[in-house]
Amino acid sequence: MLFSSFSFSQSLEKLKLETKKIYDANYTMDFDVIAQLTYPKIIESIGNKDSFLEKLDLDYQNEEYRMRLELVTPVFQYSDIKKIGGKTFCVITYRNPIRYFFENKLNSDAASKKVSWLKENNNASEVVFEPKRNSMNVKRVSKFIAIVDETTNNEWKFFNFDDASQKEIFKTLFDESTKKELGF
């Protein structure tokens with residue numbers, strides 16, 4: 683029993699360190715670190731690491747906008763660590779405001795459409811258009827799903843539920859009972 687408690691404590695401490703690493707990598711746009719900490723089957727489903735890195739780059743900046751995380755000190759909230767079907771899971775939530783800077787000037791109609799798109803795309807509670815900056819401030823609660831299993835070499839790896847494709851991959855990889863136990 684003592685070993686189990688010690689092992690759990692070590693695992694949670696390691697998870698906290700890895701969560702901070704992946705958050706910082708997203709903030710600084712260190713895509714290589716993000717790839718290292720991403721659940722391996724995500725990268726496989728996209729094709730390979732280079733394809734994954736290219737997708738990340740396009741998610742952060744493209745011909746339409748540049749997306750940046752706002753400077754905050756995140757407060758991560760961890761669910762209980764659960765063993766389900768030989769895998770270990772933890773759901774991590776935190777407030778994660780972001781800003782989209784649009785390359786072309788948005789008029790009020792275009793801005794209104796972008797507000798709706800960003801609310802849906804980011805599952806955001808609030809999106810504020812700032813005309814002087816031609817940007818949108820998006821208030822959202824983000825979610826990582828951390829997993830340890832045979833594909834991760836017993837290290838914590840992450841699904842980023844802010845990314846719709848990663849969320850879909852999660853839904854296809856795990857059965858209904860796993861999703862239900864995790865609250866999805």
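One rule links them: number in this note's numbering = place in the sequence shown (from 1) + 682.
In this text, a Cβ means the ideal position worked out from N, Cα and C, and glycines have one as well.
- prompt: Under the three-state reduction of DSSP, which class applies to residue 755: helix, strand or coil?
  reply: In this structure, residue 755 counts as coil in the three-state DSSP scheme.
Expected contact under 8 Å - CB spacing of residue 831 and residue 769 to nearest Å: 4 Å
task: Scan the region 821-859 and note each continuous beta strand (DSSP E) run of 3 residues or more that stays entirely inside, going in chain order.
output: 823-830, 839-842
task: Using a threshold of 9 Å, state whether the C-beta atoms of residue 780 and residue 822 are closer than that.
output: yes
message: Do residue 841 and residue 720 count as a contact pair if the criterion is CB distance below 9 Å?
response: A contact, by the Cβ cut-off of 9 Å.
message: Per DSSP, what are the beta-bridge partners of residue 743 in this structure?
response: For residue 743, which the question treats as bridged, DSSP gives the partners 748.
query: Cβ atoms of residue 774 and residue 883: under 9 Å apart, would you say?
result: This structure gives no information on residue 883, because the portion of the chain shown stretches from 683 to 866.
query: Taking Cβ to Cβ, would you say residue 783 is nearer than 9 Å to residue 749?
result: yes
- request: Go ahead and pull the three-state DSSP assignment for residue 866.
  value: coil
field: Other residues of its chain near residue 752: CB distance less than 7 Å, five sequence neighbours each side excluded
entry: 779, 780, 781
8 Å contact criterion, which residue 849 and residue 722 should meet: CB distance rounded: Not quite, the Cβ-Cβ distance comes to about 17 Å (not below 8 Å), so this is no contact.
- prompt: Taking the alpha helix (DSSP H) that residue 716 falls in, what are its first and last residues?
  reply: 713-719
query: Got a sec, what are the start and stop residues for the beta strand (DSSP E) residue 728 sits in?
result: That residue, residue 728, is in no beta strand (DSSP E); its alpha helix (DSSP H) goes 722-728.
Reduced DSSP secondary structure (H/G/I, E/B, other) of residue 765: strand
query: Can you tell me whether DSSP reads residue 805 as helix, strand or coil?
result: coil
- request: Taking only the alpha-carbon atoms, compute the straight-line gap between residue 826 and residue 735 and give it to the nearest angstrom.
  value: 18 Å
Burial state of residue 804 (16 or more Cβ within 10 Å): buried
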